[in-house]
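*Asks:*
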Ligand code: NAP
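Residue numbers (the UniProt record's numbering): 1 to 253.
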């Protein structure tokens, strides 16, 4: 298969932020895009943006950490849009706290959404990719995978996603399926706004401070990450697999 027009992509957590920008970008690249988020209604604005630009999209409500909801969502996407051959595991949550204050549920929810969610979605989608002998799985890691104060749960999950990515690359390569990870630094979204709120810092001040620490002297935008995902999803990226690319405006966060 070489025609993006006939392909379907799934982006999880696509109601806003990096997921929304990625869904819009993949639609512009020619994919029909399933906009998966916790609530179907939350995906409406992303779907509208895609349709307004002449693309095809479907909003699907599913909690990626729930096996039954994931199976139902992937079945519905395959039936209504076509077999999904690109999967972007982007849905994410933060439950930041210093280790001594981190609750069991802070730990569990972050593992469930990032790690179990990526596992369940990939397991459900891979059969369509194997059938087509073509597929692309792109996982959202983070510079936090290298360690970040207050994020024992999140940095563990984001590092775990790198091992998951490399293993999928090894297992699925012979079926024409690649798996890669994008590891963003500071991207301006609701997620980083929530961090500013938690630290009691104004978002604009937080952005300016972070930009001053980044070699390219600005924070990232969701479209910066969507661009890299678009590369990994592309036909020409078929010999690039099991890689982690940090997109952080410099060599480290
Ligand atoms: P965001 O603005 O908070 O968006 C995340 C989206 O995921 C939200 O729409 C959220 O829905 C959805 N979501 C949460 N739990 C879900 C679940 N169980 N099932 C389905 N959808 C769920 O986050 P973002 O900044 O765009 O980040 C996107 C990804 O990039 C995440 O994996 C994040 O860890 C990673 N990342 C972000 C940054 C950054 O600086 N922003 C840096 C590195 C990595 P609700 O609104 O209903 O919760």
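Idealized CB from N, CA, C, for every residue including glycine. Only a predicted model underlies this, so the values are computations on that prediction, with no experimental measurement involved.
#1: In terms of DSSP beta bridges, what is residue 136 paired with?
#2: Report all residues from its chain with a CB closer than 8 Å to the CB of residue 41; omit the five preceding and five following residues, and keep chain order.
#3: Which value, in whole angstroms, describes the spacing of the CA atoms of residue 6 and residue 28?
#4: Taking residue 155 as the reference, which of 107, 55, 121, 222 has the closest Cα?
#5: Do residue 89 and residue 70 have their C-beta atoms closer together than 9 Å?
#6: Am I right that residue 159 and residue 102 are in contact with their C-beta atoms under 8 Å? What's the rounded C-beta distance?
#7: Check residue 2 in the structure and name its three-state DSSP category.
#8: Per DSSP, which residues does residue 151 bridge with? Please list them.
#9: Got a sec, what are the start and stop residues for the alpha helix (DSSP H) residue 207 sits in?
#10: I'd like to check one pair, residue 184 with residue 224: are the Cβ atoms closer than 9 Å?
#11: Measuring only the C-alpha atoms, how far is residue 127 from residue 133?
#12: Identify the residues that DSSP records as bridge partners of residue 244: which are they?
#13: Give the single residue among 99, 205, 125 whose Cα lies nearest to the Cα of residue 75.
#14: Determine whether the beta carbon atoms of residue 281 and residue 85 lie at a separation below 9 Å.
#15: Where does residue 37 land, buried or exposed, given buried means 16+ other C-beta within 10 angstroms?
#16: Would residue 173 pass as a contact of residue 216 if the rule is Cβ separation under 9 Å?
#17: Are at least three pairs of beta-carbons, each pair with one atom in the stretch 14-28 and one in the stretch 41-58, less than 8 Å apart?
*Replies:* Looking at the atomic coordinates:
#1: Sequence index remark: in the chain shown, residue 136 carries index 136 (1-based). Answer is 86, 178.
#2: In the chain shown, residue 41 corresponds to position 41, counting from 1. Counting only Cβ-Cβ distances below 8 Å, and skipping sequence neighbours, we find 59, 61.
#3: Mapped onto the chain shown, residue 6 falls at position 6. Mapped onto the chain shown, residue 28 falls at position 28. C-alpha separation (whole angstroms): 13 Å.
#4: By 1-based counting over the chain shown, the position of residue 155 is 155. Comparing Cα-Cα distances from residue 155 to each of 107, 55, 121, 222, the minimum goes to 107.
#5: For this step, residue 89 is matched to residue 89 along the chain shown. For this step, residue 70 is matched to residue 70 along the chain shown. No; because the gap between Cβ atoms is not below 9 Å, this pair is not in contact.
#6: Start at 1 with the first residue of the chain shown, and residue 159 comes out as number 159. Start at 1 with the first residue of the chain shown, and residue 102 comes out as number 102. About 16 Å; that fails the 8 Å criterion.
#7: By 1-based counting over the chain shown, the position of residue 2 is 2. Its pLDDT being 46, under 50, residue 2 is placed unreliably by the model, and nothing is read from it.
#8: One-based indexing of the chain shown puts residue 151 at position 151. Residue pairing by DSSP puts residue 151 in a beta bridge opposite 97.
#9: For the purposes of this step, residue 207 is taken as the residue at position 207 of the chain shown. Start and end: 203-213.
#10: The residue given as residue 224 occupies position 224 in the chain shown. The residue given as residue 184 occupies position 184 in the chain shown. Taking 9 Å as the Cβ cut-off, residue 224 and residue 184 qualify as a contacting pair.
#11: Position 127 of the chain shown, counted from the start, is the residue given in the question as residue 127. Position 133 of the chain shown, counted from the start, is the residue given in the question as residue 133. Those two C-alpha atoms are separated by around 10 Å.
#12: Residue 244 sits at position 244 when you count from the first residue of the chain shown. Looking at the DSSP output, residue 244 bridges to 181.
#13: Within the chain shown, the letter at position 75 stands for residue 75. When only C-alpha atoms are compared, the closest one is 125.
#14: There is simply no residue 281 to check, as the chain begins at 1 and stops at 253 in what is shown.
#15: As a working note, residue 37 is residue 37 in the chain shown. Flag for residue 37 reads buried.
#16: Within the chain shown, numbered from 1, the residue matching residue 173 stands at position 173. Within the chain shown, numbered from 1, the residue matching residue 216 stands at position 216. Result no, Cβ atoms of residue 173 and residue 216 do not sit closer than 9 Å.
#17: yes
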